[in-house]
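Residue numbers (this note's numbering), protein chains in the order written: chain A, 389 to 536; chain B, 157 to 324.
Where a beta carbon is used, it is the ideal one built from N, C-alpha and C, also for glycine.
Predicted model, so just to flag it, every value in this text is computed and none were measured.
See structure below.
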């Protein structure tokens, strides 16, 4: 009985705090994306040849942890298969946050754009029973700063 | 060349299904599967119990105490019952008859007490008893007491008016 109460409490807390944190994070992401949208981030490997640029490596790194509710939901999903929607928003947030951090760094350098964008992901903590605990997403690229 | 990042619509990489709805569907499905499995196991337990080899039953029942705390009258009755069964049954070598009694009220109680009273935690398939002995116990209550057998050697032998239900 005690275990059930602990489990239900963790589920409720996980859901409430997880949803609150997610909504707050998405609001922040949308605001910053609008501001940084002026700085193009391109996946192309070939920089424009119209002028000379100074090239600087920029990167943004994010580590996001999954809450208890989503972890349980993902475990249930593993029984039946299908889209693990519980983790989709987690990874989406991590990707976008990393990109924003990378762009912020590029903006500080007065870059005109960022080229050759790439992502790296890693699960840095497996948690109990090899469940995903925290996810790291690294976004990196080459900031092009026009030479005057 | 002009480079720009268009504003991408929200929700492309994220499912729009509400997490609570997904939880209800998944947990409901899991519970349904569990209920079906339990129902099938409960109904096939009596059949499956008979397929467990006697050696396995003996191995599983090691360490269990089959002593009875009854009165001398109960002991005398059980001894007589053991003799009668031993004479009529063709038991495999090494199989002992260990009689025990439970009162009707205890038999009808859900949970483990009936098993406990029946010989210090020796579980059996009570549905099997009910079918064989036809005790006056509501089927619904007996069904709740169905358990996986550690020692499925129990059979309802008699429903004694004074001593209760005798099982071995």
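As a beta-bridge residue in DSSP terms, residue 509/A pairs with 525/A. Residue 454/A and residue 521/A do touch by the CB rule: their CB atoms are close to 7 Å apart, below 8 Å. The C-beta of residue 175/B comes closer than 8 Å to at least one C-beta of chain A. At the C-beta level, residue 446/A and residue 483/A stay beyond 8 Å of one another. From the listed residues 500/A, 488/A, 470/A, the smallest Cα separation to residue 449/A is found for 488/A.
Residue range 441-453 is occupied by the beta strand (DSSP E) that includes residue 447/A. At a cut-off of 8 Å between beta carbons, residue 243/B makes no contact with chain A. Using a Cβ-Cβ cut-off of 8 Å, residue 157/B is close to 436, 438 of chain A, given in chain order.
Not one beta carbon of chain A lies nearer than 8 Å to the beta carbon of residue 239/B.
In this structure, 503/A is the residue among 503/A, 471/A, 424/A, 536/A with its C-alpha nearest to the C-alpha of residue 444/A.
In summary, the residues of the segment 470-504 of chain A whose CB is separated from some CB of chain B by less than 7 Å are 471, 473, 474, 476, 477, 480, 501, in the order they occur in the chain.
Counting along the chain, residue 423/A sits inside the alpha helix (DSSP H) bounded by residues 390-424. With 16 or more other CB atoms across the displayed protein chains lying within 10 angstroms of its CB, residue 527/A is buried. In terms of CA proximity to residue 162/B, 426/A leads the group 411/A, 426/A, 404/A. Within its own chain, the residues whose Cβ lies closer than 6 Å to the Cβ of residue 509/A, once the five positions on either side in sequence are excluded, are 525, listed in chain order.
Among the CB atoms of chain A, one or more fall inside 8 Å of the CB of residue 185/B. Judged by DSSP secondary structure, residue 192/B falls within the alpha helix (DSSP H) whose first and last residues are 175-205. Chain-order list of chain B residues neighbouring residue 465/A: 178, 182, by C-beta distance under 9 Å. Listed along chain B, the residues sitting closer than 7 Å to residue 430/A by beta-carbon distance are 159. Contact of residue 171/B with chain A is assigned, a C-beta pair being separated by under 8 Å.
Going by beta carbons, residue 175/B and residue 474/A fall inside the 8 Å limit. DSSP, read as helix, strand or coil, puts residue 472/A in coil. By the 16-neighbour rule on beta-carbons within 10 angstroms, residue 190/B is exposed. Contact annotation: in the segment 443-468 of chain A, residues whose CB is within less than 9 Å of a CB in chain B are 457, 458, 460, 461, 464, 465, 467, 468. No Cβ of chain B is located within less than 8 Å of the beta carbon of residue 391/A. Residue 491/A is classed as buried because its beta carbon has at least 16 other beta carbons within 10 Å across all chains shown. Shown here for residue 403/A: same chain residues with a beta carbon closer than 6 Å to its own, the five before and five after excluded, namely 457 in chain order. For residue 212/B, the uninterrupted alpha helix (DSSP H) segment begins and ends at 210-216. Residue state for residue 501/A is assigned as strand, using DSSP reduced to three classes.
Assigned with DSSP and collapsed to three states, residue 431/A falls in coil, not helix or strand.
Across the structure, residue 170/B and residue 160/B are spaced so that their CA atoms are roughly 24 Å apart. With distances taken between CA atoms, residue 459/A lies nearest to 400/A out of 441/A, 400/A, 529/A.
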